[in-house]
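J.: Using the working numbering, the first residue of the sequence shown is number -11, and each one after it goes up by one.
This structure is in structure tokens; I'll ask about it shortly.
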Amino acid sequence: MAHRPPSGTARPTQVTPEPPPGREREDLLLRKLLHGLQLGRPALVDVHGPPGIGRSALLDHVITLADSYGVRVVAAHASREEIDLPHGIATQLHSALAATHRNPAAPTRTAGHPPSIRAATLAHALFAAARVQPLLLVVDDVQWADRPSLRGLQALARRLQGAPLMVLTSRNTAVPCAPYDLIEPCPLADARTVAQHTLFLAPLPDDIAAQVVAKNRRTPEAFAAQVARCTEGNPALLRAVANRYALRDQPALVPGGDPSDETADAVRDHTARTLAVLPGELLDVLAVIAVAGPDCTPDMIAALSGTRTIGVARALALLSGTGLLVPGPLPAFRSEAAAEAVLAPLTTRHRRELYARAAEWAQRAAFPDRAVARMLLGARTIGAAWAVDVLHRRAARCRATGRPVEAARLLERALGEPVPPALRVQLLTDLSEAVLPHAPHVASRHLRRALLVPAAESGPARLHAAELLIARGDVVTAGPLIHRAVLDARADTPERAALYALQGICRYLGPPPVDLPLPPDPAPRHERPAEAGLAAWRTALHGRDAALARRLARAALAPTAHEEVPLTVRTAAAHALLLTGRAHEAHSALDEVIARAEHGNSRAVVGLALIVSAFAELQRGKDALASRTLDRCEETMPRNCWHPLIVPAVLALRTLILLRRGEHGPAQRILTSELPNTAEGGLAWALLLYARGRVQLETGQRESALTDLLECGRLLLARKMANPALLRWRSAAARACAPDDPRAARLRAEERMLALAWGTPDTMAATLLATAGPTATAPSRASWQYRQALVALGTAPRFGHHTVDSLLHSDQAALPSAPPRTAAPARPAPSKGAPPAGGSAALSAAERKVAHLAADGHGNRAIAAELSVTTRAVELHLTKTYRKLGIQGRPQLAAALGRTPRENT
């Protein structure tokens, strides 16, 4: 508080000072009292408020205001350091009074003058000065006044009647005040003789507080309002935050800045200053309130604080004046920063012990899990099973409500308790799921820790950990750990079968390991559903037996196998069904996998199943549905959550969707995304190479496209993935070859033969279309070209691709797909130099029989056996038939005869 010497005479000023912001009501009252003091009416005013509320600022304003009313001022400021100095306040007042030489009654200091005499003569000197000129006596922080000076002030207040003297004091409500410490007038004086007022200063309203902050010209209104809300209208905090920003001198700190950090620092400093004036018992009460948080009750305070001289109710009443606690029946701090400042002076051991005692008391009192878990976070090791149960339940609730960071803190704290191995594996698995969105590498580390627990102690919990590790794509480090788990598991158990299936998927997804070979080919019989799921996926990838793959996949996806087959293995089995052409059945299985994974908060499994579903929709030509599915996948598992080995699959799918829409530019930009080196070599990398080759092929970069597509094929064939239903890289590579490159025909023939070996109608139709070339027409499954192409491949799988090429490049306008039997067949014109075609009427009876059997799809040996002739005779009859009809070979025979061929069954 500013100490201003009093003036000797009244000097009215022309300009009166403005009151402190938000103190207009107090200013009006004090002006009336000063005016009454001019008229000889005494007054006694006590200003109360918590630290930082502006008590000293109001007193400074009254001192300045007194000059305009011709009132002399004598001021003193008490401090905690001088509370044990006798007559300290009396000495300050004597010195202030003696500073004017115009007062003949002012005492003079002489050497050796005893302090007790100064205190005894204080009232006489003040009354003598007031008779000369109205006097304002100001004492700031009177709660720290020494005992003799306080008794002198109390005596002065009781004798105010009839004297032009006003006593103005301020009191910090954070410091407990006993009833006998109050400064009161004589009980016989009434309001007409001595005006008595007690002013309780309230926090500034938000609009006034915002105006205080907005005095800085660079502070926008929105920012000032936010600061006002954070400081809760405390003037000291407002100034502290404003000064912190002003010291930075940063133009960018104002627009859109967040004042929460600066406010928290200011609150801590303000709280530390408040705590310095409180007795030990009140500090103990505040420590309990800080530990218990919003769940604190008076009973908990009584049990934990150990108050001896004062009760809990009295302690809370005294603390209400500090401004640290919110008003209400339950004690709680206004801000977390204040609670942190209360606990900061405590040692770590003391603080953790207090948290542990609070958690144990709350658990016995049946507090909710939310409250007990919050206390356990700061407690020492409890060593009881209930602590782990509470933390685990609360973590599950936080994960279900979208608070993974809080769930991770709870699970990490639970792992600090002594827990059995099986529960430890479960906690590590849940912890990996909680930290996956913000720390994927940490999530993998927790899962690897779970896999290191022996099988005899961990139980089936580590199976879920292995599944999550593979679903995210971390197959390189998971492979050896899962292999060890397979060897460690008991034989002939569902757990071992499931681990074996996960091991197989792990080896197929990642780069082929050097030290561990790929799993052997599937056996004809699989007793365990998990092994059947792996065998179905592997059989489908190899493209060997669609019926077997379908049967094995259904065994893995059966309702009775839900408990034995991990969701990742079920996803692989559903992919096998997709490759066999059972899209509806596969999508039903994928939907079930996604629902179960979402229920268990296994976002990595959900993302993997959505990738498979999006790829299947893209191959079926449903671009919009594939795009929505991929959007959902990226929402569930952002790219940063995937292991680098899986990220290329997401990029490839997005690229292929854009390419299907004809958006070549965005597709190329996606392919330029930077990927780590560890992203190469896996199955997803092969998919990215295929997508990049397709984009390069569409943009005219044939050589680069051929290189990427052949590398894609090499990666797939290294895993024995030859099924063209997976990726038709051969036909795309054939399109990228030069026109005279013999590899193009070889690649197309190989893809057709593999499609025929796989045998599903969708794969055959898509393969014939993909290998038709840029000038070919799209064969329908009902067209004669499609059927005759199947006949050609079936009868001559190694050389029939030449006939297939001629069929797929034929003119469908000249050769209708399904001409009526009564209509005259449309025949192609004979080539130059060929004999004129005489039609079917020109054929002999033997030639007609052979031609009809050949048109129906019979081979030469079958025709010879049917007609009881030699194979050579059949060949001669067909040669003559081709010459008479003017056609090139067997594929055009059915159309020339005016009929549709039919396949052998």
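Each residue gets a CB set at the ideal place from its N, CA and C atoms; glycine is no exception.
#1: So, using beta-carbon positions, are P392 and P428 closer together than 7 Å?
#2: Counting pairs of beta carbons, one from the segment 726 to 739 and one from the segment 551 to 562, are three or more of them closer than 8 Å?
#3: In this structure, does DSSP put P879 in helix, strand or coil?
#4: For S158, does the three-state DSSP call read helix, strand or coil?
#5: In this structure, how does DSSP classify F355 when only helix, strand and coil are distinguished?
#6: Out of T181, W132 and A145, which has the shortest C-alpha to C-alpha gap to N160?
#7: In chain order, what residues of the same chain have a beta carbon less than 7 Å from the beta carbon of R256, not counting five sequence neighbours either side?
#8: With a cut-off of 8 Å on the beta carbons, I'd call L567 and E573 a contact; round off their distance for me.
#9: Once DSSP output is grouped into helix, strand and coil, what is the label at A252?
#10: A585 and A602 - do their beta-carbons sit closer together than 7 Å?
#11: For V276, which beta-bridge partners are listed by DSSP?
#12: Do you know offhand how far A801's Cα is from A454's?
#13: When DSSP labels each residue in this structure, what does T748 get in the three-state scheme?
#14: Assuming contact is defined by CB atoms lying nearer than 7 Å, are A561 and L578 in contact in what I supplied?
#15: Taking just the CA atoms, how far does A852 sit from A884?
#16: Mind checking who Q689 pairs with in its DSSP beta bridge?
#17: What are the partner residues of F321, as DSSP defines its beta bridges?
#18: So the candidates are A320, E854 and A438; which of them puts its Cα closest to the Cα of L841?
#19: Answer with buried or exposed for Y168, where buried requires no fewer than 16 other C-beta atoms within 10 angstroms of its C-beta.
#20: For V276, which option in A290, V265, A264 and P267 has the closest C-alpha, if you only look at C-alpha atoms?
#21: Check whether the Cβ atoms of T490 and L469 sit closer than 7 Å, and answer yes or no.
#22: Could you tell me how far apart the beta carbons of H185 and L17 are, in whole angstroms, since I believe they sit closer than 8 Å?
#23: Tell me the DSSP secondary structure of V838 in three-state form.
#24: Considering just the uninterrupted stretch of the beta strand (DSSP E) at Q184, what are its terminal residues?
#25: Please name the residue in R878, M363 and R180 whose C-alpha comes closest to that of G897.
#26: So, helix, strand or coil for D55, using DSSP?
#27: To the nearest angstrom, report how far apart R401 and P164 are at their CA atoms.
#28: Assuming contact is defined by CB atoms lying nearer than 7 Å, are L694 and A721 in contact in what I supplied?
#29: Determine the DSSP secondary structure at A64, reduced to helix, strand or coil.
#30: Quick check on the DSSP output: the alpha helix (DSSP H) that includes A402 runs from which residue to which?
#31: Which class does H631 belong to by DSSP, given the choice of helix, strand or coil?
#32: Consult DSSP for L32 and reduce its assignment to one of helix, strand or coil.
#33: Counting Cβ pairs, one atom from each stretch, are 3 or more of them under 8 Å apart for the segment 195 to 202 and the segment 36 to 54?
#34: On the DSSP bridge assignment, give the partners of D128 in chain order.
#35: Short of 8 Å in beta carbon distance, which residues of its chain neighbour P267, apart from the five on each side in sequence? Order them along the chain.
#36: How long is the line joining the alpha carbons of H563 and W525, rounded to whole angstroms?
T.: Taking the geometry as given:
#1: No, Cβ-Cβ distance for P392 and P428 is not below 7 Å.
#2: For the pair of segments examined, the segment 726 to 739 was found not to touch the segment 551 to 562: the number of CB pairs separated by less than 8 Å stays below three.
#3: The answer is helix: DSSP assigns P879 an H, G or I state.
#4: Note: S158 maps to strand in three-state DSSP.
#5: DSSP places F355 outside both helix and strand once states are collapsed to three, so it counts as coil.
#6: Residue W132 holds the alpha-carbon nearest to the alpha-carbon of N160 among T181, W132 and A145.
#7: Closer than 7 Å at the Cβ level, and outside the excluded window around R256, lie A325, E328 and A329.
#8: With a Cβ gap of about 12 Å, L567 and E573 do not count as contacting.
#9: Three-state DSSP puts A252 in a helix.
#10: Their beta carbons are not under 7 Å apart, which means A602 does not touch A585 by this criterion.
#11: Per DSSP, V276 has no beta bridge partner at all.
#12: Confidence at A801 is low in this model, with a pLDDT of 34, below 50, so the placement of that residue should be treated as unreliable; the coordinate-derived value is given next. So the two alpha carbons sit approximately 58 Å from each other.
#13: In the three-state DSSP reduction, T748 falls in the coil class, being neither helix nor strand.
#14: Against a cut-off of 7 Å, the Cβ pair of L578 and A561 comes out as no contact.
#15: C-alpha of A884 to C-alpha of A852: approximately 22 Å in a straight line.
#16: In the DSSP output, where bridge partners are listed per residue, Q689 has none listed.
#17: Note: F321 is bridge-paired with L313 in the DSSP secondary-structure output.
#18: Selection A320, E854 and A438 evaluated against L841 yields E854 as nearest (Cα-Cα).
#19: Classification for Y168: exposed.
#20: Checked all of A290, V265, A264 and P267; the closest Cα to V276 is A290.
#21: The residue asked about is misnamed: residue 490 is Leu in this sequence, not Thr. Not a contact, by the Cβ cut-off of 7 Å.
#22: Contact holds; Cβ gap of about 7 Å.
#23: Here V838 carries a helix assignment [DSSP, helix/strand/coil].
#24: A183 to F188 is the span of the beta strand (DSSP E), which, as asked, contains Q184.
#25: As displayed, the chain neither begins before -11 nor continues past 893, which places residue 897 out of reach and without an answer.
#26: In the structure shown, D55 sits in a helix (DSSP, three-state: H, G or I).
#27: Answer to the nearest angstrom: the Cα atoms are 39 Å apart.
#28: Less than 7 Å divides the Cβ of L694 from the Cβ of A721.
#29: In the structure shown, A64 falls within a strand segment according to DSSP collapsed to helix, strand and coil.
#30: Where A402 is concerned, the enclosing alpha helix (DSSP H) stretches over P392 to L403.
#31: Judged by DSSP in its simplified three-state form, H631 adopts coil rather than helix or strand.
#32: The three-state reading of DSSP puts L32 in strand, counting E and B together.
#33: Judged by Cβ distances under 8 Å, the segment 195 to 202 makes no contact with the segment 36 to 54, as fewer than three pairs qualify.
#34: In the DSSP output, where bridge partners are listed per residue, D128 has H65.
#35: P164, listed in sequence order.
#36: Approximately 7 Å, taken between the alpha carbons.
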